[in-house]
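508 is the number of the first residue of the sequence shown in the working numbering; add one for each residue after it.
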Amino acid sequence: EAIEKIDINDLLNMHASSVTTGNLVIAFVGDITLDEAESLTSKYFNEMNTSERTEPPSNDAKLSSIHSIIKKRNKAQSAQAFAFLTCDYASPDYEYLKVYQNIISGKGGLLWTEVRDKRALAYSVYGYQSSGALAGSFICYMATYPENAAPARQIALDVLTSFKDKPLSDEELQRAKNYTVGSFSIYLQPNSIQADTYARWELTGKGFKAVDQYPDLIYQVQAEHVLAVAAKYFSTDYYGLGMIEGQGATVEERE
């Protein structure tokens, strides 16, 4: 319904107010000189509307209960994702949550071990931190048989919310930090991804310099930082749940 209500004037007004020099960040990565970059910028953007940067809206989003949307489909499997509100890119909690992510997720992580290895409740299970300019979320995704969806979710919630109460070994922490830095370095290998990350982090307030500082920021993370964000953001009392509930083959038919 919201899309249907948009008309051409809405688009023109949005373009005039948003696509301006004040809201523009350009990042160049690759075989290019500063003079060449400035020349290209002048050539293609010199007629752009000029303005001060538009102040982002305030963010007062909070969850005080469990919000869920469940759709039934004629599928043999169920897919679900539940998410907790966390932090934006600029928050120091971002680095702490990325280390937390790589302790609890991935093969050998706590989610995989508790949900899949020990109990065989899911085909796939992982968690990841996703941030934007104003806020972020930590998302846990699982694919299961329909009858395993609820117990798998409960185990995953227990893993995420009880983490703060368990000791974190130096070895676990260092392994997660090494993985976080290594995976980020691999992620940045394409020039297009480097340019996107520099521009996005600058635009969202984290600053482009933080891209190169990221490994040092990760290696400065301590166990108490990880346990603190686990306590701060994860609760079974408030999260968002989206699920496609399979209504296909029964247990007997699969066997």
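We treat Cβ as the ideally placed atom computed from N, Cα and C, and that holds for glycine.
Only a predicted model underlies this, so the values are computations on that prediction, with no experimental measurement involved.
Cβ neighbours of residue i in the same chain (closer than 8 Å, five flanking residues each side left out)
i	result
asparagine 698	Val536, Gly537
serine 572	Asp744, Tyr745
glutamate 709	Val532, Ala534, Phe715
glycine 639	Asp595, Tyr596, Thr711
alanine 629	Val622, Arg623, Met649, Ala650, Thr651, Asn655, Ala659
Nonlocal neighbours in the same chain, by C-beta distance under 6 Å from residue i, ignoring five residues either side
i	result
histidine 574	Gly747
histidine 732	Tyr603
leucine 518	none
arginine 761	Caution applies to arginine 761, whose pLDDT of 48 falls short of 50 and renders its modelled position unreliable; the model cannot decide the point.
Same chain only: Cβ atoms within 7 Å of residue i, ignoring 5 sequence neighbours per side
i	result
alanine 663	Leu618, Val622, Val632, Cys647, Met649
alanine 590	Ser644, Phe645, Ile646, Tyr746, Gly747
threonine 668	Phe741, Ser742, Thr743
glutamate 559	Gly529
glycine 753	Arg580, Lys582, Ala583, Gln584, Ser585, Pro653
DSSP three-state assignment for residue i, whether helix, strand or coil
i	result
aspartate 514	coil
alanine 534	coil
alanine 523	helix
leucine 695	coil
isoleucine 539	coil
tyrosine 503	Nothing in the structure corresponds to residue 503, since the chain is present only between 508 and 762.
leucine 547	helix
serine 644	strand
arginine 761	Because arginine 761 sits at a pLDDT of 48, beneath the cut-off of 50, its placement in the model cannot be relied upon, and the following sentence gives the value as read from the coordinates. Looking at arginine 761 - three-state DSSP - the assignment turns out to be helix.
leucine 675	coil
glutamate 752	strand
Residue burial classification, residue i (beta-carbon count within 10 angstroms, cutoff 16)
i	result
alanine 523	exposed
glutamine 729	exposed
methionine 750	buried
valine 718	buried
serine 651	Note that residue 651 is threonine in the sequence shown, not serine. So threonine 651 counts as buried.
alanine 627	exposed
proline 674	exposed
Residue i versus the options, residue with shortest Cα-Cα distance
i	options	result
valine 666	Asn655, Ala737, Glu709, Ala509	Ala737
tyrosine 686	Lys625, Tyr705, Lys671, Gly615	Gly615
asparagine 556	Lys569, Ile577, Leu531, Asp567	Leu531
alanine 735	Pro722, Tyr607, Leu592	Tyr607
**OP:** Go through the segment 563 to 640 residue by residue and report every complete run of the beta strand (DSSP E) that reaches 3 residues or more, in order.
**Re:** 573 to 580, 585 to 592, 631 to 638
Original post:
Curious, which full-length beta strand (DSSP E) runs of at least 3 residues does the segment 679 to 745 contain?
Top reply: none
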